[in-house]
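Under the UniProt record's numbering, the residue at position 88 of the sequence shown is numbered 88, and the numbers go up by one with no gaps. Where is the CB? At the ideal position from N, CA and C, for every residue including glycine. None of the values given here were measured: they were computed from a predicted structure. Comments concern the structure below.
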Amino acid sequence: MKVRAQIGKVLNLDKCIGCHTCSVTCKNVWTSREGMEYAWFNNVETKPGIGYPKDWENQKRWNGGWDVKGGRLKPRMGGKWRLLSKIFANPDLPEIDDYYEPFTFDYSHLQEAKESKAFPTARPRSLITGKRMEKINWGPNWEEILGGEFSKRSKDYNFEGVQKEIYGQFENTFMMYLPRLCEHCLNPTCVAACPSGSIYKREEDGIVLIDQEKCRGWRMCVSGCPYKKIYYNWKSGKSEKCIFCYPRIEAGQPTVCSETCVGRIRYLGVMLYDADRIEEAASAENVEDLYQAQLDIFLDPNDPAVIEQARKDGVPENWLESARRSPIWKMAMEWKIAFPLHPEYRTLPMVWYVPPLSPISSAANAGQISVNNNMPDVRSLRIPLKYLANLLTAGDEEPIALCLERMLAMRGYMRSKTVEGVIDESIATAVGLTGSQIENMYHVMAIANYEDRFVIPTGHREDAEDMFEERGDCGFSFGNGCSSGETKTNIFGGPTRKKLQTPTSHITGEMF
Numbered sequence: 001m002k003v004r005a006q007i008g009k010v011l012n013l014d015k016c017i018g019c020h021t022c023s024v025t026c027k028n029v030w031t032s033r034e035g036m037e038y039a040w041f042n043n044v045e046t047k048p049g050i051g052y053p054k055d056w057e058n059q060k061r062w063n064g065g066w067d068v069k070g071g072r073l074k075p076r077m078g079g080k081w082r083l084l085s086k087i088f089a090n091p092d093l094p095e096i097d098d099y100y101e102p103f104t105f106d107y108s109h110l111q112e113a114k115e116s117k118a119f120p121t122a123r124p125r126s127l128i129t130g131k132r133m134e135k136i137n138w139g140p141n142w143e144e145i146l147g148g149e150f151s152k153r154s155k156d157y158n159f160e161g162v163q164k165e166i167y168g169q170f171e172n173t174f175m176m177y178l179p180r181l182c183e184h185c186l187n188p189t190c191v192a193a194c195p196s197g198s199i200y201k202r203e204e205d206g207i208v209l210i211d212q213e214k215c216r217g218w219r220m221c222v223s224g225c226p227y228k229k230i231y232y233n234w235k236s237g238k239s240e241k242c243i244f245c246y247p248r249i250e251a252g253q254p255t256v257c258s259e260t261c262v263g264r265i266r267y268l269g270v271m272l273y274d275a276d277r278i279e280e281a282a283s284a285e286n287v288e289d290l291y292q293a294q295l296d297i298f299l300d301p302n303d304p305a306v307i308e309q310a311r312k313d314g315v316p317e318n319w320l321e322s323a324r325r326s327p328i329w330k331m332a333m334e335w336k337i338a339f340p341l342h343p344e345y346r347t348l349p350m351v352w353y354v355p356p357l358s359p360i361s362s363a364a365n366a367g368q369i370s371v372n373n374n375m376p377d378v379r380s381l382r383i384p385l386k387y388l389a390n391l392l393t394a395g396d397e398e399p400i401a402l403c404l405e406r407m408l409a410m411r412g413y414m415r416s417k418t419v420e421g422v423i424d425e426s427i428a429t430a431v432g433l434t435g436s437q438i439e440n441m442y443h444v445m446a447i448a449n450y451e452d453r454f455v456i457p458t459g460h461r462e463d464a465e466d467m468f469e470e471r472g473d474c475g476f477s478f479g480n481g482c483s484s485g486e487t488k489t490n491i492f493g494g495p496t497r498k499k500l501q502t503p504t505s506h507i508t509g510e511m512f
């Protein structure tokens, strides 16, 4: 057993209001610069829909994630020799039209336009070419609140096994919000796919980062990531991704998207896991077993044997204490109401989701939904159970059904306690919980304080190797880590002797 710690995240979709505050603040902090205009480290999608980039869940098209062949894990896009064969022409790479052409508007024209009979208008202008755009064809939130026709939204991968035609009718329509960011997986495909070895997973907190000095812009990581959360910076020629706001995490502060979330749907905490069992968990033959396989590699922070081994493996004491208070452990392991996004990709993601409840009261009162012990049947709710299962448990409906039942039980229990003044333990018992657990669930999911949602220990940079070399090496930068885009080493690993002058450097004033 090799104990490792990771900062995990849970997003409660039952509380997400789709305001995009997380997306905007992340954009302003990390990607509001040339070369990254089209990139959104955090974006909020409306489901059902094909998402951003288009059809990102269709791995038959993009070949992201892992596959099991002969009992062994291999990247779906191919092994070393296959990657090498297409290193200069990658057929699995999304194009800019799969994302969208980033644009702004001619706002200055509203003030500078000459007097005329017609009102001046702010026309769109491409941020890539600088030219005016006659028509905006797509955007990162193009399908916002079920925008567009159902024939396009019905191509959503999660409709597999669902009679989707009936959900095109207005009276059967449903929607939910899905905020997405890098999953900082335990078994990341991007790390395996990178020919330069520039992507790595930090041992101290599990955050996956790209070394901007090593990156050569091959973009195999973009294809390898099944969540399509790595972006190519055309300005610097490097790949970039969500860094989980690691400078804030090291200081014990939550990520920017979590800090600014209006609905308070985000939770951060420490999870302990057995690194020796990662390959075993990701290699499960049946995709429906992958969710349980990932649960099995998580370690109980209250187990004395786990604590002893964690100390031997170098896990700091304040991290062990944070793991014992982690809301992620409670939601994922104790109450089992949080699930990984598309576990069938076999990357073992560490950003988990609480599925949303559907509108039920009016339908139940009209007798359209069966009621069992004053609790609606979760298999008859507006959002199909199979749809949520395809999204969160690789098609296994039972864990999702139990989760929704527990969330409904929590509402029924607390309503009985606060409105009627009656503590009905039978409600909790019916879903396999106790009254105390129900009240803890209510506290964490409904009225949690800041320190209850974000249990983040400070980092131990004093343990980093060769701190003298790091001191003063990295100053203030503009979201590109410690790199200005200029590579200090050549392709053979040696130092770059001199800067190369390009034919246009006398115009732009830049040298590469």
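Whole-angstrom distance between residue j and residue i, CA atom to CA atom
i: K336; j: E134; result: 50 angstroms
i: Q59; j: P226; result: 7 angstroms
i: L13; j: K114; result: 49 angstroms
i: N345; j: L146; result: Correcting the residue type first, residue 345 is Tyr in the shown sequence and not Asn. If I take the Cα positions, the gap works out to 26 angstroms.
i: R219; j: E34; result: 18 angstroms
i: S85; j: E280; result: 29 angstroms
i: L73; j: M36; result: 33 angstroms
i: P195; j: D303; result: 40 angstroms
i: L392; j: C403; result: 12 angstroms
i: E160; j: P384; result: 11 angstroms
i: V162; j: S358; result: 17 angstroms
i: S198; j: I128; result: 27 angstroms
i: K201; j: V419; result: 49 angstroms
i: E240; j: I210; result: 7 angstroms
i: G435; j: R324; result: 21 angstroms
i: N63; j: A275; result: 25 angstroms
i: A428; j: G421; result: 16 angstroms
i: D300; j: A39; result: 37 angstroms
i: D424; j: R406; result: 14 angstroms
i: G148; j: K117; result: 34 angstroms
i: C19; j: G51; result: 17 angstroms
i: I307; j: T260; result: 34 angstroms
i: G130; j: W30; result: 22 angstroms
i: S283; j: S108; result: 56 angstroms
i: K229; j: K54; result: 13 angstroms
i: P48; j: F339; result: 18 angstroms
i: Y442; j: E398; result: 22 angstroms
i: N28; j: T21; result: 11 angstroms
i: R248; j: G459; result: 10 angstroms
i: D106; j: F119; result: 14 angstroms
i: S416; j: G432; result: 18 angstroms
Cβ pair residue i, residue j closer than 9 angstroms
i: residue 518; j: C16; result: Residue 518 cannot be examined here, being either before or after the span of the chain that is shown, 1 to 512.
i: A409; j: I438; result: yes
i: W319; j: F298; result: no
i: Y246; j: I207; result: yes
i: E45; j: E143; result: yes
i: L11; j: V354; result: yes
i: L181; j: C257; result: yes
i: G217; j: K238; result: yes
i: P343; j: V287; result: yes
i: V262; j: K9; result: no
i: V455; j: G269; result: yes
i: N390; j: S223; result: no
Proximity winner among the options, relative to residue i (alpha-carbon distances)
i: M445; options: A332, S358, M350 and E165; result: A332
i: S326; options: E451, L83 and F150; result: E451
i: N137; options: V68, F103 and N90; result: F103
i: G65; options: R76, G71 and W56; result: R76
i: A310; options: Y273, Q292 and L295; result: Y273
i: N42; options: H443, G70 and P140; result: P140
i: M375; options: L388, Y387 and R411; result: R411
i: P179; options: A430, H460 and C26; result: C26
i: P356; options: K2, R277 and I265; result: I265
i: M414; options: N440, N449, V3 and S23; result: N440
i: M1; options: D396, I447 and D296; result: D296
i: C215; options: D205, N233 and E203; result: N233
i: G78; options: C221, P254 and R453; result: C221
Notebook entry, point to check: When the Cβ atoms of the region 187-202 are set against those of the region 154-162, are three or more pairs found closer than 8 angstroms?
Noted result: No contact exists between the region 187-202 and the region 154-162.
Next item on the list: Scan the region 63-125 and note each continuous beta strand (DSSP E) run of 3 residues or more that stays entirely inside, going in chain order.
Entry: Listed in chain order, they are 66-69, 72-75 and 103-105.
Margin query: Within 8 angstroms, do at least three Cβ pairs link the region 85-98 to the region 377-391?
Written below: With a cut-off of 8 angstroms, the region 85-98 and the region 377-391 do not count as touching, because too few Cβ pairs lie within range.
Notebook entry, point to check: Where are the alpha helix (DSSP H) runs, 4 residues long or more, that stay fully inside the region 257-295, in chain order?
Noted result: The DSSP assignment places 278-282 as complete runs of the alpha helix (DSSP H) inside the region 257-295, in order along the chain (cut-off: 4 residues).
Notebook entry, point to check: What are the uninterrupted segments assigned as alpha helix (DSSP H) that are 4 or more residues long and contained completely in the UniProt domain "4Fe-4S ferredoxin-type" (206-235), given in chain order?
Noted result: The qualifying runs are 220-224.
Note to self: Could you tell me which whole alpha helix (DSSP H) segments of length 4 or greater appear in the region 371-398?
What the structure shows: Entirely contained in the region 371-398, the alpha helix (DSSP H) runs reaching 4 residues are, in chain order, 385-392.
Check: Taking only runs of the alpha helix (DSSP H) that begin and end inside the region 401-467, which ones reach a length of at least 4 residues, in chain order?
Finding: DSSP runs (the alpha helix (DSSP H)) wholly in the region 401-467: 425-430, 435-446 and 450-453.
Item checked: beta strand (DSSP E) runs wholly inside the UniProt domain "4Fe-4S ferredoxin-type" (173-204), at least 3 long, in chain order -> Runs found: 176-180 and 199-201.
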